[in-house]
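See below for the structure under consideration.
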Amino acid sequence: MNFASDNTSGVAPEVLTSISEAATSAAMPYGEDVFTKNLKRIANEIFEREVNIFPVVTGSAANALALATVAPPYGTIYCHEQSHIEEDECAAPEFYMGGGKLHLLAGAHGKITSKDLHSALDISSPAPAVHRSPPAVVSITQSTEIGSLYTMEEVSSISEVARSHGLPLHMDGARFANAIVALGKSPAEVTWRSGVDILSLGATKNGAFAAEAVVFFNQDLVKDFEFRRKRGGHLLSKYRFLSAQLLPYLESNRWLHMAGNANLRASQLEKGLRDIKSISILYKVETNMIFLEMPVEYVSHFYNNNCLFYSWGDGKDRVFARLVTSFDTTQEDVKAFLEIAHSVAASSEGNIK
31 MNFASDNTSG VAPEVLTSIS EAATSAAMPY GEDVFTKNLK RIANEIFERE
81 VNIFPVVTGS AANALALATV APPYGTIYCH EQSHIEEDEC AAPEFYMGGG
131 KLHLLAGAHG KITSKDLHSA LDISSPAPAV HRSPPAVVSI TQSTEIGSLY
181 TMEEVSSISE VARSHGLPLH MDGARFANAI VALGKSPAEV TWRSGVDILS
231 LGATKNGAFA AEAVVFFNQD LVKDFEFRRK RGGHLLSKYR FLSAQLLPYL
281 ESNRWLHMAG NANLRASQLE KGLRDIKSIS ILYKVETNMI FLEMPVEYVS
331 HFYNNNCLFY SWGDGKDRVF ARLVTSFDTT QEDVKAFLEI AHSVAASSEG
381 NIK
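Numbering (the working numbering), first residue to last: 31 to 383.
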């Protein structure tokens, strides 16, 4: 059982079949193929409007290219202090921007607030502004790095503040499908109807092999994206193999069904773990991630039973851990993990509620 990340999961059979089909015949290069054209069509249907969708290989590329398209080299991106673009992308956004910077905002549950954003932008606004890095774009993550969710009201409020300062709103949707399922809203409601201008649409964590996409809802912002994609080395000649992954991923609500399984398994894990006194659930489980605290000696027991997950801390008494479920996590995986957890806890008297 591997709960280290949803990146450890396999590839959906339908995605593999589509890749195989794309390999059976020749096709025009650089996105002039039928897979890419059909992807555009289905994206329009899903988001209920005309969009521009650009497949790329990685989430870091999606975020960095999207943000660099709307932020000049001297501009500033406003984001949460725990955001992926700050902590886990090796300064890729700043690199693709050509020297821009990130302005980090604190916020409970991995989320920024419209109030804090307004205060930060007001501080950056006084004239003369030539001595400061001007605000360029606001970026939020849905779902967040701890698995929490922005409500539509929160997104709309943040968007209103951004627009009042002339800024676009970018959404990092590495786990966008998990958020859609948990919120019970349509992709349109979660994005452009709430004021989102650009979406980094994740797929690799949820059944694709290696495919993400940048989706533009505001056509005025597309501008030089295609040039940046080419210059950054992300315009594949055999582009159809990216689109061939995303097409079956999005068709027939497959992406939502797969994310629904991941969310369900996380909920089942949480329910079972709450029966163990010595394990504390740190945050409300809203999507497919569980953050918890446990006695340090539990970790080796889990690992020795081939239960893998990330843990961190000083290693003295208690440690923090993250469990992530995926589209192919099974009921048997959950049951086996909980059996081991209860067995480990039972060895310490009084740990079972």
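Glycine residues also receive a C-beta, built at the ideal position from the N, C-alpha and C atoms. Note that this is a predicted model, so its numbers are computed, not measured.
Item                                                                                                                    : Value
Three-state class that DSSP yields for Ala-238 in the structure shown                                                   : coil
Under 8 Å between C-beta atoms of Tyr-313 and Ile-170                                                                   : no
Ala-73 versus Ile-83 - alpha carbon distance                                                                            : 7 Å
Sequence-distant residues of the same chain with beta carbon closer than 7 Å to Tyr-14, five excluded per side          : The shown model of the chain, from 31 to 383, leaves out residue 14, and the question about it has no answer.
8 Å Cβ cutoff met for Ile-228 and Pro-198                                                                               : yes
DSSP-derived helix/strand/coil call for Lys-215                                                                         : coil
Rounded C-alpha distance that separates Ser-50 from Ser-39                                                              : 20 Å
Residue burial classification, Trp-222 (beta-carbon count within 10 angstroms, cutoff 16)                               : buried
Residue ranges of each alpha helix (DSSP H) within the region 108-160, 4 or longer                                      : 114-117, 122-127, 144-154
CB of Leu-272 within 8 Å of CB of Pro-123, strictly                                                                     : no
Delimiting residues of the beta strand (DSSP E) encompassing Ile-228                                                    : 228-231
Short Cβ contact (8 Å threshold) for Ser-224 with Val-244                                                               : no
Met-182 - containing alpha helix (DSSP H), residue span                                                                 : 182-194
Residues of its chain near Ser-48, where Cβ-Cβ distance is below 7 Å and the 5 sequence neighbours each way are ignored : Ala-274, Gln-275, Leu-277, Pro-278
Segment contact flag, the region 352-364 with the region 318-332, C-beta cutoff 8 Å, min 3 pairs                        : yes
Span of the beta strand (DSSP E), counted from its first residue to its last, around Phe-350                            : 348-354
Residue of Lys-141, Leu-147, Ala-94 minimising C-alpha distance to Gly-130                                              : Ala-94
DSSP-derived helix/strand/coil call for Ser-48                                                                          : helix
His-200, buried or exposed, once every other Cβ within 10 Å from all chains shown has been counted against 16           : buried
Residues near Ser-308 by beta carbon distance below 7 Å, same chain, minus five either side                             : Met-324, Pro-325, Ala-375, Ser-378, Asn-381
Which listed residue (Leu-132, Leu-280, Leu-368) has its alpha carbon closest to that of Val-45                         : Leu-280
Coil, strand or helix - Ser-373 by DSSP                                                                                 : helix
Pick from Arg-284, Arg-193, Thr-106, Leu-303 that is closest to Ala-42, judged by C-alpha positions                     : Arg-284
Leu-197, DSSP secondary structure in three states                                                                       : coil
Sequence-distant residues of its chain with Cβ nearer than 7 Å to Arg-162 (five each side left out)                     : Ser-154
is_contact[Leu-353, chain B] using C-beta, thresh 8 Å                                                                   : Absent from the structure: chain B. Only one protein chain is present.
Endpoints, alpha helix (DSSP H) assigned at Trp-285                                                                     : 284-303
Identity of the residue in Thr-66, Val-252, Tyr-104 nearest Gly-128 by Cα                                               : Tyr-104
Backbone CA spacing between Ala-209 and Tyr-328 [nearest angstrom]                                                      : 31 Å
Buried versus exposed, by CB contacts within 10 Å (16 or more), Ala-53                                                  : exposed
Bounding residues of the alpha helix (DSSP H) (the contiguous stretch that carries Thr-66)                              : 64-77
Nearest-angstrom Cα separation, counted from Met-182 out to Ala-192                                                     : 15 Å
Residues near Tyr-126 by beta carbon distance below 8 Å, same chain, minus five either side                             : Ala-94, Leu-95, Leu-97, Ala-98, Arg-258, Gly-262
Short Cβ contact (8 Å threshold) for Ile-142 with His-114                                                               : no
Val-315 and Ser-341 closer than 8 Å at C-beta                                                                           : no
Three-way DSSP call (helix, strand, coil) for Tyr-313 in this model                                                     : coil
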